[in-house]
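S.K.:
Chains as they are written, first to last, in my numbering: chain L, 1 to 116; chain R, 117 to 230.
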């Protein structure tokens with residue numbers, strides 16, 4: 001079955017612009033989370049959505065936002081881009097069973113964002 | 117605060133040699149434990165996971181890991197490394213429930229000598 005799909009794979013933006021990244025989870029998966037990967041900070045959790053509700057949020061400024069649609073697809077948005085936002089943004093999905101919290105999280109190949 | 121430590125930033129091994137990558141986590145409760153691998157320019161691929169039960173878990177590509185509660189460790193091993201194993205390896209933990217997000221270590225880059 002298809003994996004986690006992220007679009008676009010590569011993009012270049014200018015400081016001050018905003019960007020929207022898209023993620024389609026594995027079919028049947030209802031939880032989508034986002035991570036930022038940079039050489040300096042490593043992999044950091046941004047936020048997690050389940051059934052269109054943000055369930056968990058990492059320590060990022062309000063410029064970073066996201067949403068999830070009824071079909072579980074998710075988007076994340078970064079407004080007023082800064083040079084430091086240049087990173088690989090990874091989306092992950094997991095299957096959520098009620099009462100079972102040890103879900104395996106599967107990652108997409110990521111969206112490479114360069115801010116110039 | 118919860119954290120994951122991978123003490124080795126970069127490891128070089130010869131092809132055919134054995135490999136052990138170290139991972140330690142901090143927290144009182146037993147977390148869910150994962151090892152992921154990332155090839156250059158790619159996303160993360162799950163190698164193996166530990167939720168409960170047998171503390172020695174087998175994964176893909178011939179990897180295994182052992183959970184040691186007393187040492188808060190989850191080290192990754194492979195008896196014979198192949199050149200295609202060169203990549204970056206990340207240990208991660210999750211505490212499930214409302215804390216279902218993964219906390220990652222900084223990663224260990226593996227180089228393989230021919």
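Glycine is no exception: its CB is placed at the ideal position from the N, C-alpha and C atoms.
Do you know offhand how far residue 158 of chain R's Cα is from residue 175 of chain R's?
M.R.: To locate residue 158 of chain R, count along the second chain from 1; it is residue 42. To locate residue 175 of chain R, count along the second chain from 1; it is residue 59. If I take the Cα positions, the gap works out to 19 Å.
S.K.: If we define contact as Cβ-Cβ less than 8 Å, is residue 86 of chain L a contact residue for chain R?
M.R.: As a position in the first chain, residue 86 of chain L is number 86, starting the count at 1. No, because no Cβ of chain R sits closer than 8 Å to the Cβ of residue 86 of chain L.
S.K.: Indicate whether residue 18 of chain L and residue 79 of chain L have their beta-carbon atoms separated by less than 8 Å.
M.R.: Looking up residue 18 of chain L in the first chain gives position 18. Looking up residue 79 of chain L in the first chain gives position 79. Yes, the pair counts as a contact, with Cβ atoms nearer than the cut-off.
S.K.: Indicate whether at least one CB of chain R lies closer than 8 Å to the CB of residue 109 of chain L.
M.R.: Working through the first chain from its first residue, we reach residue 109 of chain L at position 109. Taking Cβ atoms only, chain R reaches closer than 8 Å to residue 109 of chain L, which makes this a yes.
S.K.: Could you tell me the alpha carbon to alpha carbon distance between residue 8 of chain L and residue 137 of chain R, rounded to whole angstroms?
M.R.: On the first chain, position 8 is the one that residue 8 of chain L refers to. On the second chain, position 21 is the one that residue 137 of chain R refers to. Looking at the two C-alpha atoms, the distance is approximately 33 Å.
S.K.: Give me the residue from R:226, R:199 and R:219 with the minimum Cα distance to residue 149 of chain R.
M.R.: The residue you call residue 149 of chain R lines up with position 33 of the second chain. With distances taken between Cα atoms, residue 149 of chain R lies closest to R:219.
S.K.: Tell me where the beta strand (DSSP E) around residue 26 of chain L begins and ends.
M.R.: As a first step, residue 26 of chain L must be located in the first chain, where it is residue number 26. Counting along the chain, residue 26 of chain L falls outside any beta strand (DSSP E), and DSSP gives it neither H nor E.
S.K.: CA-CA distance, residue 59 of chain L and residue 230 of chain R?
M.R.: On the first chain, position 59 is the one that residue 59 of chain L refers to. On the second chain, position 114 is the one that residue 230 of chain R refers to. So the two alpha carbons sit approximately 42 Å from each other.
S.K.: Tell me residue 142 of chain R's beta-bridge partners as DSSP assigns them.
M.R.: In the second chain, the residue the question calls residue 142 of chain R occupies position 26. DSSP, once it has assigned bridges, lists R:119 as partnering residue 142 of chain R.
S.K.: Can you tell me which of L:111, L:28, L:66 and L:107 puts its alpha carbon nearest to the alpha carbon of residue 46 of chain L?
M.R.: Position 46 of the first chain holds residue 46 of chain L. The option with the nearest alpha carbon to residue 46 of chain L is L:66.
S.K.: Check this for me: beta carbons of residue 77 of chain L and residue 20 of chain L, under 8 Å apart or not?
M.R.: Here residue 77 of chain L corresponds to residue number 77 of the first chain, with the count starting at 1. Here residue 20 of chain L corresponds to residue number 20 of the first chain, with the count starting at 1. Contact flag set, yes.
S.K.: Tell me which residues of the region 181-206 of chain R have at least one Cβ-Cβ distance to chain L shorter than 9 Å, keeping chain order.
M.R.: Those residues of the region 181-206 of chain R that come within reach of chain L (Cβ to Cβ, closer than 9 Å) are 206.
S.K.: If you measure from the beta carbon of residue 12 of chain L to each beta carbon in chain R, is any gap under 8 Å?
M.R.: In the first chain, counting from the first residue as 1, residue 12 of chain L sits at position 12. Not an interface residue.
S.K.: If we count Cβ pairs, one from each stretch, closer than 8 Å, do we get three or more for the region 165-180 of chain R versus the region 123-132 of chain R?
M.R.: Contact fails: fewer than three Cβ-Cβ distances are below 8 Å.
S.K.: For the candidate residues L:110, L:109, L:53 and L:2, whose alpha-carbon lies nearest to that of residue 69 of chain L?
M.R.: Position 69 of the first chain, counted from the start, is the residue given in the question as residue 69 of chain L. Ranking L:110, L:109, L:53 and L:2 by Cα distance to residue 69 of chain L puts L:53 first.
S.K.: Check the DSSP bridge columns for residue 68 of chain L and list the partner residues they point to.
M.R.: Along the first chain, one-based indexing puts residue 68 of chain L at 68. DSSP output for residue 68 of chain L lists L:74 as bridge partner(s).
S.K.: Excluding five sequence neighbours on each side, which residues of the same chain lie with their C-beta closer than 6 Å to the C-beta of residue 225 of chain R?
M.R.: As a first step, residue 225 of chain R is located in the second chain; it is residue number 109 there, counting from the start. Only 126 and 204 meet the Cβ criterion.
S.K.: Around the Cβ of residue 83 of chain L, are there at least 16 other Cβ atoms within 10 angstroms (buried) or fewer (exposed)?
M.R.: As a working note, residue 83 of chain L is residue 83 in the first chain. Classification for residue 83 of chain L: exposed.
S.K.: If we count the other Cβ atoms within 10 Å of its Cβ and call it buried at 16 or more, is residue 105 of chain L buried or exposed?
M.R.: By one-based count along the first chain, residue 105 of chain L stands at place 105. Residue 105 of chain L comes out buried.
S.K.: Please say whether residue 110 of chain L and residue 88 of chain L have beta carbons closer to each other than 8 Å?
M.R.: In the first chain, counting from the first residue as 1, residue 88 of chain L sits at position 88. In the first chain, counting from the first residue as 1, residue 110 of chain L sits at position 110. Yes. Within cutoff.
S.K.: For the beta strand (DSSP E) that residue 111 of chain R lies in, which residues bound it at each end?
M.R.: In the structure as shown, chain R begins at 117 and stops at 230. Residue 111 of chain R is therefore absent and cannot be evaluated.
S.K.: Please determine, among L:3, L:2, L:12 and L:28, the residue with the shortest C-alpha to C-alpha distance to residue 116 of chain L.
M.R.: Working through the first chain from its first residue, we reach residue 116 of chain L at position 116. Nearest C-alpha to residue 116 of chain L: L:12.
S.K.: Compute the Euclidean distance between the alpha carbons of residue 194 of chain R and residue 177 of chain R, then round it to the nearest angstrom.
M.R.: Translated into the one-based positions of the second chain, residue 194 of chain R becomes position 78. Translated into the one-based positions of the second chain, residue 177 of chain R becomes position 61. Between residue 194 of chain R and residue 177 of chain R, the C-alpha separation is close to 9 Å.
S.K.: Over what stretch of residues does the beta strand (DSSP E) that includes residue 180 of chain R continue unbroken?
M.R.: For the purposes of this step, residue 180 of chain R is taken as residue 64 along the second chain, with counting starting at 1. It spans 180-184 - the beta strand (DSSP E) in which residue 180 of chain R sits, taken as one unbroken run.
S.K.: Counting only the same chain and skipping the five closest in sequence on each side, list residues whose C-beta sits under 6 Å from that of residue 209 of chain R.
M.R.: In the second chain, counting from the first residue as 1, residue 209 of chain R sits at position 93. Excluding positions up to five away in sequence, the list reads 120, 141, 147, 149 and 219.
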